[in-house]
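Here the structure is laid out as structure tokens; the discussion comes afterwards.
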Amino acid sequence: MGRGKIVIRRIDNSTSRQVTFSKRRNGLLKKARELSILCDAEVGLIVFSSTGKLQEYSSSSMKSIIGRYNKAKEENRRLLNPASEVKFWQREAATLRQQLQYLQGCHRQLMGEELSGLGFKDLQDLESQLETSLKVVRTKKDQILTDEIKELNRKGTLIIHENIELHKKVDLISKENAELHKKAYGASEGNEAARSSGVPYTISYGYDAHPPIHLQLSQPQPQPQVQAKPPSQAKNKKTPAKAMELGY
């Protein structure tokens, strides 16, 4: 035989009522979970027992689901009643206007204006707020300056390393130039020394070995008369012959 139809009414027995609540609650949570998975629906379930115990299930966040529910309900209500929509926006505008006036008044008080209506406690609170704001501003300024100093120190360190590398390169180039200069000029000096060593030694006699010769004829000189001498003197002494003068 099949199960009989259960009459839907309040169960008077508290024990049976609690057992039925537990079973049907679990079934309801299971169905809600299956619905959110199978149909990609956003499901939120809230159940309070007769004893006031809360039972809930949400496919995402219960807070976001409730917020979405309130927004959808408000939109539906405005669509159903245009007059209520106008009143809603009027209330929103009035609220925003009050918030703007309050913020403008706080700004003027922070600037030191319109302080006549403030009491001693209000002035103390304003002073504390200004000191807190000033401390936050100074902390932020110090942080920015510290970061800039660190960045400058980092750049300075990089520049120092680059300068050292450039000095090393300059020293290396100078050494290479010195080696090239030594090789080039050392070879030329060696050639000059070889050429000078190949010249034979000469002996100087103090005058030119091949002086120019100038020949010149002298005028004939008149010959003196030869006196006859005794044969004895002629034998002992001979008259020298007149030689041609050669001029150098």
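For the sequence shown, this note's numbering begins at 408 and goes up steadily by one.
Backbone N, C-alpha and C define an ideal beta-carbon position, used for all residues, glycine too.
List the whole-angstrom C-beta distance separating residue i from residue j, where the pair is believed to meet the contact cut-off of C-beta under 8 Å.
i, j, result
"residue 462", "residue 432", "6 Å"
"residue 421", "residue 443", "That belief does not hold up - the Cβ atoms of residue 421 and residue 443 are roughly 33 Å apart, past 8 Å."
"residue 439", "residue 450", "5 Å"
"residue 537", "residue 522", "Rounded, the Cβ-Cβ distance is 12 Å, inconsistent with contact."
"residue 504", "residue 495", "Going by Cβ atoms, the distance from residue 504 to residue 495 rounds to 15 Å, so no, they are not a contact pair."
Give the straight-line distance between the Cα atoms of residue i and residue j, rounded to the nearest whole angstrom.
i, j, result
"residue 549", "residue 447", "52 Å"
"residue 556", "residue 562", "10 Å"
"residue 519", "residue 540", "14 Å"
"residue 657", "residue 526", "Nothing can be reported for residue 657, as the shown portion of the chain is limited to 408 through 655."
"residue 426", "residue 418", "11 Å"
"residue 472", "residue 482", "15 Å"
"residue 416", "residue 424", "11 Å"
"residue 579", "residue 547", "48 Å"
"residue 559", "residue 531", "42 Å"
"residue 489", "residue 534", "48 Å"
"residue 613", "residue 592", "Here the model assigns residue 613 a pLDDT of 48, short of 50, so the residue's position is not dependable and the matter cannot be decided."
"residue 586", "residue 576", "15 Å"
"residue 458", "residue 476", "26 Å"
"residue 479", "residue 544", "43 Å"
"residue 524", "residue 493", "36 Å"
Terminal residues of the continuous beta strand (DSSP E) containing residue i?
i, result
"residue 452", "451-455"
"residue 461", "461-465"
On a Cα-Cα basis, can you pick out the residue from the options that is closest to residue i?
i, options, result
"residue 456", "480, 567, 428", "428"
"residue 434", "464, 413, 459, 458", "464"
"residue 452", "480, 468, 508", "468"
Could you check what DSSP says for residue i in three-state terms: helix, strand or coil?
i, result
"residue 482", "helix"
"residue 438", "helix"
"residue 613", "Legend: pLDDT at residue 613 = 48, less than 50; position of this residue unreliable, value from coordinates given subsequently. Three-state result, residue 613: coil."
"residue 412", "coil"
"residue 549", "helix"
"residue 538", "helix"
"residue 560", "helix"
"residue 418", "coil"
"residue 448", "coil"
"residue 524", "coil"
"residue 427", "helix"
In the DSSP assignment, the alpha helix (DSSP H) including residue i goes from what residue to what residue?
i, result
"residue 503", "489-517"
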